[in-house]
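To start, the structure under review is shown below, and the notes come after it.
Here is the structure:
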């Protein structure tokens, strides 16, 4: 499997770890992701990430500092603290039940948990808000394994858009180069090995056709410099009937030094969170032939209403309108 394809497994197989690793860093919230494979112990990073040297008091102060700054600025600051954090395939869970992996950790991430944790930390006006925000991002309604947003097109993206936490901005940046694509989930899809690895009961297996805007791979660089830092970039592959998703990776766009970078948790040759030149990243993805990469979509994070973080998650179908 290509190095890049491993995060696809993290997005497709978020099931329990058999031998959960107790995080050395103090946990902040209480509800996140994990995988069908155990979160194996990892060697300490060659270079420490920005969280490791902070005391609990310093971390709390950092989260509360400049809480009303523009959200993109907050996301850049929080995500930067994760640079050099080791990649561990789907390191988080519910702390009990089907997936007893830790609910939060600052010493290991995969591509999805890196984005989720960054969003929760950036949206929070103080450390006490982080757990509720994280639950809103990761779950449709309740923090249980069955209710987790396992699939990007069918669950993670639409649920967070309904809650006012994300807005699809693909067409804003690519305009006429934007194309509409779909992901179709059928009963047949759920008979594949990768889909069954999710261990979802039949009544919780999404079916239907899910539509997204996409910038074709060969058009991405034409629009990349115009994309605002802090925008979430998700990578799509061709739609295969036995794959429960076609989104296999995500990270944050970062504009610096007159270049566009993707800040992401990469397993490949990096095996950690890095800022990778987007042109280099896209060129590597264009070479994958077994499951072809077709393009990217862009999403802007939004602040929930001021009281949202401390409230129960809304019922399916309701929507809270967020602000930049």
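Numbering (my numbering), first residue to last: 21 to 344. In this text, a Cβ means the ideal position worked out from N, Cα and C, and glycines have one as well. Just so you know, these numbers come straight off a predicted model, no measurement behind them.
Distance CB(residue i)-CB(residue j) smaller than 8 Å
i, j, result
"residue 154", "residue 136", "yes"
"residue 313", "residue 257", "yes"
"residue 262", "residue 227", "no"
"residue 121", "residue 107", "no"
"residue 11", "residue 247", "The question about residue 11 has no answer here: the residues shown for the chain are numbered 21 through 344."
"residue 92", "residue 146", "no"
"residue 230", "residue 264", "no"
"residue 362", "residue 82", "Because the chain here runs from 21 to 344, residue 362 falls outside it and cannot be looked at."
"residue 346", "residue 114", "This structure does not reach residue 346, given that the chain is present from 21 up to 344, and the question cannot be answered."
"residue 280", "residue 244", "yes"
"residue 232", "residue 187", "no"
Cβ neighbour criterion (16 or more within 10 Å) applied to residue i
i, result
"residue 203", "buried"
"residue 195", "exposed"
"residue 68", "exposed"
"residue 127", "buried"
"residue 303", "exposed"
"residue 89", "exposed"
"residue 119", "buried"
"residue 300", "exposed"
"residue 296", "buried"
"residue 101", "buried"
"residue 215", "buried"
"residue 315", "buried"
Distance cut-off 7 Å: residue i Cβ against heavy atoms of the ligand PLP
i, result
"residue 162", "The ligand PLP is absent from the structure shown, which contains no ligands of any kind."
Close beta carbons around residue i, own chain, < 8 Å, minus the five adjacent residues each side
i, result
"residue 16", "Absent from the model: residue 16. The displayed extent of the chain is 21 to 344, so no value can be given."
"residue 260", "266 and 311"
Beta bridge counterpart(s) of residue i as assigned by DSSP
i, result
"residue 197", "Paired residues: none, contrary to the question."
"residue 275", "280"
"residue 236", "315"
Residues near residue i by beta carbon distance below 6 Å, same chain, minus five either side
i, result
"residue 189", "318 and 320"
"residue 166", "224"
"residue 176", "169"
"residue 210", "225"
"residue 220", "none"
"residue 104", "65, 67, 69 and 292"
"residue 87", "145"
Same chain, Cβ closer than 7 Å to residue i, neighbours up to 5 away in sequence not counted
i, result
"residue 306", "237 and 313"
"residue 249", "92, 96, 273, 274 and 275"
"residue 171", "226, 264 and 265"
"residue 98", "138, 141 and 142"
"residue 179", "160 and 169"
"residue 199", "234 and 236"
>> Restricting to runs no shorter than 4 residues, where is the alpha helix (DSSP H) found entirely within the segment 124-193?
In response: The alpha helix (DSSP H) runs of length 4 or more contained entirely in the segment 124-193 are, from start to end of the chain, 131-143, 150-158 and 177-182.
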